[in-house]
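Counting from 14, one number per residue, gives the positions in the sequence shown under the UniProt record's numbering.
Presented below is the structure to which this report refers.
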Amino acid sequence: GASPTVRLRQVLGQMPDYKPGRPAAAAAGVTPFKLSSNENPYGPLPSVLAAITEAAGSVNRYPDMAVVGLRERLGRALSVSSDCIATGTGSVAVLAQIVQAACDAGDEVVFAWRSFEAYPIVTQLAGATPVMVALDDRARHRLDAMADAVTERTRVVLVCTPNNPTGPTVHRAELDAFLDRVPSDVIVVIDEAYVEFVRDPEAVRGLEVWRERPNVVVLRTFSKAYGLAGLRVGFAVAHPDVAAAIRKTATPFGVNSLAQVAAVASLDAFDELNERVESIVAERERVVRALQDQGWKLPDSDANFVWFPLGSDSTAFAEACEAAGLMVRQYGDDGVRVTIGEAEANSRLLEVAEAFGAR
Ligand code: PMP
14 GASPTVRLRQ VLGQMPDYKP GRPAAAAAGV TPFKLSSNEN PYGPLPSVLA AITEAAGSVN
74 RYPDMAVVGL RERLGRALSV SSDCIATGTG SVAVLAQIVQ AACDAGDEVV FAWRSFEAYP
134 IVTQLAGATP VMVALDDRAR HRLDAMADAV TERTRVVLVC TPNNPTGPTV HRAELDAFLD
194 RVPSDVIVVI DEAYVEFVRD PEAVRGLEVW RERPNVVVLR TFSKAYGLAG LRVGFAVAHP
254 DVAAAIRKTA TPFGVNSLAQ VAAVASLDAF DELNERVESI VAERERVVRA LQDQGWKLPD
314 SDANFVWFPL GSDSTAFAEA CEAAGLMVRQ YGDDGVRVTI GEAEANSRLL EVAEAFGAR
């Protein structure tokens, strides 16, 4: 057809596309595994599936727009008032709502890089300017440099712990020192998408910080430890005024009725889900120890993935994984992120890593 004459925002041309991993081309007879999106390898629990199935009978009705049942259940689980909770279609949507609630055109959002790929995208979509501060040589946040990067245009700082895609946590002591330097009218988001996998005793617990500092917002998701990635539900814990502002920026009826009941049923099944988290953590520890024994020097990971900072060898390593049927996520010439998945997938990763040769 004719080329469109509609005017689109120029910023779209400068924004990267959000790219999922390439599909792995496994040899015939080799089971392929998807280790590219930090998903939970376990399918839904029977109790969660039953709740979804029951709710499916009422999909002619709109969902509860105020998400009352889930917000109250979350409030009980976390010992916070439901006024302090804002939900969205995945924590990435809640993040976009936070940035939209806080930023006018030209305002700044500070975050570490590399970190979650959606950060520059949601920032630019809001008309704000990303200010990216390089990680240190152990792939950790440089919070001192991030504090130096805060200006009077800064409205939001994003702190990702454990950091996606590199794995280390931010420690409580360094975060406190950072927060003491950041003006209290700047929102500091602690993105805890992977918090359930953290075993580092010095790691920040976002809710503890939030209770002391009204400018802190804790971001959580049902996509990872809770295994509901396909249903799209995440939430923020914030001061009631901030939570109300975040709710104002939501698309009406965004969190659908199946997602709402599945999230409630998952909170009810915490113990069973937590056993799965424990086994994923045990697999991570097995993988990390075996890689160390092979001679690999990797950053610490407290998440459900490991980061191979391979520089210009990244493509070769991603291709070796794909040839073995493992779909992984390559980040240009920075490195390759591999999700901890089924035990068989993890063992196959160890074989690929050994054959590739430790770096
Ligand atoms: N934050 C981080 C750090 C992530 O890695 C992800 C998912 N990759 C998200 C947020 C968003 O997850 P979701 O939208 O599924 O809640």
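For glycine and all other residues, C-beta sits at the position ideal for the given N, C-alpha and C.
Assuming the contact rule is C-beta atoms closer than 8 Å, residue i and residue j should be a hit. Round their C-beta distance to whole Å, please.
| i | j | result |
| --- | --- | --- |
| Leu241 | Asp204 | With 8 Å as the limit, Leu241 and Asp204 do not qualify as a contact, their Cβ atoms being about 18 Å apart. |
| Arg151 | Asp315 | Not confirmed; about 13 Å, so no contact. |
| Val301 | Val351 | About 11 Å separates the two Cβ atoms, so there is no contact after all. |
| Val169 | Ile259 | About 12 Å; that fails the 8 Å criterion. |
| Thr179 | Pro312 | 5 Å |
| Gly140 | Ala118 | 4 Å |
| Ala256 | Ala263 | That pair is no contact at about 11 Å. |
| Ala251 | Ala99 | 7 Å |
| Ala206 | Asn177 | 7 Å |
| Asn53 | Ala238 | 7 Å |
| Ala275 | Val105 | Not a contact, Cβ separation roughly 18 Å. |
| Gly82 | Val201 | No, Gly82 and Val201 are not in contact; Cβ-Cβ is about 29 Å, not under 8 Å. |
| Leu339 | Arg361 | 6 Å |
| Ser71 | Ser270 | 7 Å |
| His184 | Glu215 | 4 Å |
| Glu121 | Arg166 | 4 Å |
| residue 9 | Val146 | In this structure the chain extends from 14 to 372, so residue 9 is not present and cannot be described. |
| Gln273 | Pro57 | Going by Cβ atoms, the distance from Gln273 to Pro57 rounds to 15 Å, so no, they are not a contact pair. |
| Arg127 | Asp326 | Their Cβ separation, rounded to whole angstroms, is 17 Å, which puts Arg127 and Asp326 out of contact at 8 Å. |
| Val349 | Ala331 | 5 Å |
With a threshold of 6 Å, establish whether the CB of residue i neighbours any heavy atom of the ligand PMP.
| i | result |
| --- | --- |
| Ser16 | no |
| Asn317 | no |
| Asp30 | no |
| Ala206 | yes |
| Ser314 | no |
| Thr234 | yes |
| residue 393 | No answer is possible for residue 393: it lies beyond the span of the chain, which begins at 14 and ends at 372. |
| Gly243 | no |
| Ser95 | no |
| Val105 | yes |
| Gly247 | yes |
| Asn228 | no |
| Phe124 | no |
| Phe129 | yes |
| Thr177 | For the record, residue 177 in the displayed sequence is Asn; it is not Thr. Yes, since a heavy atom of the ligand PMP falls inside the 6 Å radius drawn around the Cβ of Asn177. |
| Cys116 | no |
| Cys334 | no |
Between which two residues does the alpha helix (DSSP H) holding residue i run?
| i | result |
| --- | --- |
| Phe248 | No alpha helix (DSSP H) holds Phe248; the beta strand (DSSP E) holding it covers Gly247 to Val250. |
| Met159 | Leu156 to Asp161 |
| Val222 | Gly219 to Glu225 |
| Leu232 | No alpha helix (DSSP H) contains Leu232, which is instead part of the beta strand (DSSP E) from Val229 to Thr234. |
| Ser360 | Ala356 to Phe369 |
| Gln27 | Val24 to Gln27 |
For residue i, report the span of its beta strand (DSSP E) as first-last.
| i | result |
| --- | --- |
| Asp213 | Neither: Asp213 is in no beta strand (DSSP E) and is coded neither H nor E. |
| Val183 | Careful: Val183 lies outside any beta strand (DSSP E) and carries neither H nor E. |
| Val202 | Ile200 to Asp204 |
Heavy atom of the ligand GTP less than 6 Å from the Cβ of residue i, yes or no?
| i | result |
| --- | --- |
| Leu91 | Ligands in the displayed structure: the ligand PMP; the ligand GTP is not one of them. |
**Message:** Runs of 3 residues minimum, wholly inside the stretch 318-352: which ones carry the beta strand (DSSP E) assignment?
**Reply:** For the stretch 318-352, whole beta strand (DSSP E) runs of length 3 or above, ordered along the chain, are 318-321, 342-344 and 348-352.
**Request:** Quick one: which unbroken alpha helix (DSSP H) runs of 4-plus residues sit fully inside the stretch 38-83? Chain order, please.
**Result:** 59-69
**Item:** Whole alpha helix (DSSP H) elements within the stretch 93-173, 4-residue minimum
**Value:** Entirely contained in the stretch 93-173, the alpha helix (DSSP H) runs reaching 4 residues are, in chain order, 104-115, 131-138 and 156-161.
**Item:** Every unbroken alpha helix (DSSP H) inside the stretch 236-322 [4 residues or more]
**Value:** 253-261, 270-281 and 283-307
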